[in-house]
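Chains as they are written, first to last, in my numbering: chain A, 481 to 540; chain B, 6 to 336. A quick write-up on the structure given underneath.
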Amino acid sequence: MRRASDLAALTGGLVTVALGALLALDAAGVIRLSFGWLWPALLAAVGAILVASGLAQRDR
Amino acid sequence: MSTDIPTSLPTPPAPPPRPRRLLRTPDDRVIGGVAGGLGRYFGVDAVLFRLAFVVLAFFGGITLLLYPLAWLFVPADDGTGRPAPGPGIGRVAAILALVAAALVAAGLLFFAAGWATAEGGGLVVAGVVVALGLGAVAGALTRNRWARWLWVPALVLALPAGVIAAAGVELDGGYGERSYRPASVAAVPAEGYKLGAGAMRIDLRDLPFAPGTTTEMPVKVGLGATTLIVPPSVCVTTDADVGAGMVDILGREKGGFDVRFEEPAGATRAARLALRADLGMGALEVVDDPADAQFDERSDHGGLDRGGRGWNVDDNDRRGPADGNRACRPG
Chain A
481 MRRASDLAAL TGGLVTVALG ALLALDAAGV IRLSFGWLWP ALLAAVGAIL VASGLAQRDR
Chain B
6 MSTDIPTSLP TPPAPPPRPR RLLRTPDDRV IGGVAGGLGR YFGVDAVLFR LAFVVLAFFG
66 GITLLLYPLA WLFVPADDGT GRPAPGPGIG RVAAILALVA AALVAAGLLF FAAGWATAEG
126 GGLVVAGVVV ALGLGAVAGA LTRNRWARWL WVPALVLALP AGVIAAAGVE LDGGYGERSY
186 RPASVAAVPA EGYKLGAGAM RIDLRDLPFA PGTTTEMPVK VGLGATTLIV PPSVCVTTDA
246 DVGAGMVDIL GREKGGFDVR FEEPAGATRA ARLALRADLG MGALEVVDDP ADAQFDERSD
306 HGGLDRGGRG WNVDDNDRRG PADGNRACRP G
């Protein structure tokens with residue numbers, strides 16, 4: 481159980497770091513964030529956390 | 006001597022019976038074991054319920070109400086398929102208070118992140134999101150009980166910041182309702198009209214538009230509705246970007262996310278108004294009759310509560326000529 485939560489937390493942390501980096505690049509004017517990017521990025525983020533959680537549960 | 010010969014193949018082991026009662030699963034949980042319990046009860050993968058909870062949290066937020074209630078009122082499995090003894094009234098009150106505090110904190114974080122991003126603090130918000138994410142990674146690696154949940158507030162911050170950034174909302178033009186009616190071209194600001202959030206009405210019917218001339222009209226709005234009223238004799242050329250919302254230029258409409266509306270003039274000799282609009286979230290409309298305005302509170306049909314069409318645009322319910330600006334036609 482603990483391992484499952486740790487893998488989900490690790491993935492959640494990495495995913496939010498990636499989202500934060502995207503936001504920083506947009507704020508700095510390096511990229512131009514649009515909804516065409518945002519929805520897939522958010523869904524991919526949530527999906528990655530769920531997949532990590534599911535995989536860890538199965539390995540338990 | 007006799008030999009027993011099996012007459013059929015050994016049957017595979019039967020799946021564990023589904024529980025008769027919905028119970029939370031302490032041995033299969035991400036937060037409170039609600040999704041795990043639902044998965045076990047319905048005999049499907051709990052990930053499906055987790056995905057549904059996450060999606061519903063973002064769209065409508067019903068998860069924020071349902072999940073805590075289920076966590077509170079659905080008993081946990083005691084390990085033998087029977088409900089574990091429930092918490093006392095004091096513990097229930099404590100959990101409710103904790104959930105209420107968490108919801109208020111999440112709401113405050115949500116709006117603060119959106120507002121800060123729109124006010125130009127996007128880099129700060131992004132830095133906080135990255136820092137919280139790194140904290141969650143460190144918490145996961147060190148198995149810190151609390152730090153590994155830091156990705157949750159990070160996601161709460163990242164969502165509104167991302168929406169505001171994607172829409173390009175900037176609130177640096179002030180707030181409120183604005184109304185302009187310039188009487189000469191010199192009275193039109195060179196940088197155009199700008200509004201952070203609110204509603205803006207620009208009435209250009211008094212401007213002396215001369216045939217063959219072009220008047221530049223930059224408009225920038227972060228959040229809200231803008232109505233331009235032009236004389237029917239003027240040809241409006243449009244170059245508009247809207248993050249989320251709609252554009253209605255003399256009956257021609259376009260709406261949704263990442264809206265780009267371009268309409269150049271034809272070979273006309275009429276006076277031209279070159280509209281360059283940049284909207285974050287909201288609506289932009291150009292009308293040649295104030296009664297046609299959907300978003301202007303002063304017009305007979307405008308406003309959201311006066312029987313106007315408001316924000317709910319139905320393509321089959323178009324008023325006036327749907328063939329755009331007649332003044333732009335050659336001739």
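Note that beta-carbon positions come from the ideal geometry of N, C-alpha and C, so glycine has one too. Since we're looking at a predicted model, the values are computed, not measured.
| query | Helix or strand or just coil, what does DSSP make of Pro-165 of chain B? | reply | For this step, residue 165 of chain B is matched to residue 160 along the second sequence. Of the three classes helix, strand and coil, the one that applies to Pro-165 of chain B here is helix, per DSSP.
| query | chain B partners of Val-526 of chain A, CB-CB under 7 Å? | reply | Reading the first sequence from its first residue, position 46 is the one you call residue 526 of chain A. The contacting residues are Val-59.
| Exposed or buried, which one is Arg-87 of chain B when buried takes at least 16 other CB atoms within 10 Å? | Counting from 1 along the second sequence, the entry for residue 87 of chain B is found at position 82. When all chains shown are included, Arg-87 of chain B counts as exposed.
| Trp-156 of chain B CB to nearest chain A CB: under 8 Å? | Position 151 of the second sequence, counted from the first residue, corresponds to residue 156 of chain B. By this cut-off, Trp-156 of chain B is an interface position.
| field | Counterpart residues of Ala-230 of chain B in DSSP-defined beta bridges | value | Locating residue 230 of chain B in the second sequence gives position 225, where the first residue counts as 1. Looking at the DSSP assignment, Ala-230 of chain B forms a beta bridge with B:Ala-204, B:Ala-288.
| request: Taking only the alpha-carbon atoms, compute the straight-line gap between Ala-525 of chain A and Ile-36 of chain B and give it to the nearest angstrom. | output: For the purposes of this step, residue 525 of chain A is identified with residue 45 of the first sequence, where counting begins at 1. For the purposes of this step, residue 36 of chain B is identified with residue 31 of the second sequence, where counting begins at 1. Ala-525 of chain A and Ile-36 of chain B have their C-alpha atoms roughly 18 Å apart.
| field | Any chain B beta carbon closer than 8 Å to Gly-509 of chain A | value | If you number the first sequence from 1, residue 509 of chain A lands on position 29. Not an interface residue.
| Which one of B:Thr-68, B:Asp-294, B:Arg-25 has the shortest CA to CA distance from Val-39 of chain B? | Looking up residue 39 of chain B in the second sequence gives position 34. The shortest Cα separation from Val-39 of chain B among B:Thr-68, B:Asp-294, B:Arg-25 belongs to B:Thr-68.
| field | Between the CA atoms of Phe-47 of chain B and Arg-25 of chain B - distance to the nearest angstrom | value | In the second sequence, counting from the first residue as 1, residue 25 of chain B sits at position 20. In the second sequence, counting from the first residue as 1, residue 47 of chain B sits at position 42. Approximately 10 Å, taken between the alpha carbons.
| field | Alpha-carbon spacing of Arg-277 of chain B relative to Pro-73 of chain B, whole angstroms | value | Along the second sequence, read from residue 1 onward, the residue named residue 277 of chain B stands at position 272. Along the second sequence, read from residue 1 onward, the residue named residue 73 of chain B stands at position 68. If you take the alpha carbons of Arg-277 of chain B and Pro-73 of chain B, they lie about 59 Å apart.
| query | Where does Gly-119 of chain B fall in DSSP's three states? | reply | Here residue 119 of chain B corresponds to residue number 114 of the second sequence, with the count starting at 1. Here DSSP, grouped into helix, strand and coil, assigns Gly-119 of chain B to helix.
| task | Kindly indicate the opening and closing residues of the beta strand (DSSP E) around Phe-266 of chain B. | result | Your numbering for residue 266 of chain B matches position 261 in the second sequence. Residues 257-268.
| message | Looking at the secondary structure, which residues open and close the alpha helix (DSSP H) in which Val-130 of chain B lies? | response | Translated into positions along the second sequence, residue 130 of chain B becomes position 125. For Val-130 of chain B, the enclosing alpha helix (DSSP H) stretches over residues 127-147.
| Within the chosen definition, does the segment 256-269 of chain B reach the segment 226-233 of chain B through at least 3 CB pairs nearer than 8 Å? | no
| task | Return the Cβ separation of Val-291 of chain B and Gly-500 of chain A in integer angstroms, given the expectation that the two are a contact with Cβ distance under 8 Å. | result | Residue numbering aside, residue 291 of chain B sits at position 286 when the second sequence is read from its first letter. Residue numbering aside, residue 500 of chain A sits at position 20 when the first sequence is read from its first letter. The pair is not a contact, with the Cβ atoms about 39 Å apart (cut-off 8 Å).
| query | Would DSSP call Arg-281 of chain B helix, strand or coil? | reply | Reading the second sequence from its first residue, position 276 is the one you call residue 281 of chain B. Strand, per DSSP.
| field | Secondary structure of Val-252 of chain B, DSSP reduced to three states | value | Walking along the second sequence from the start, residue 252 of chain B turns up at place 247. Three-state result, Val-252 of chain B: strand.
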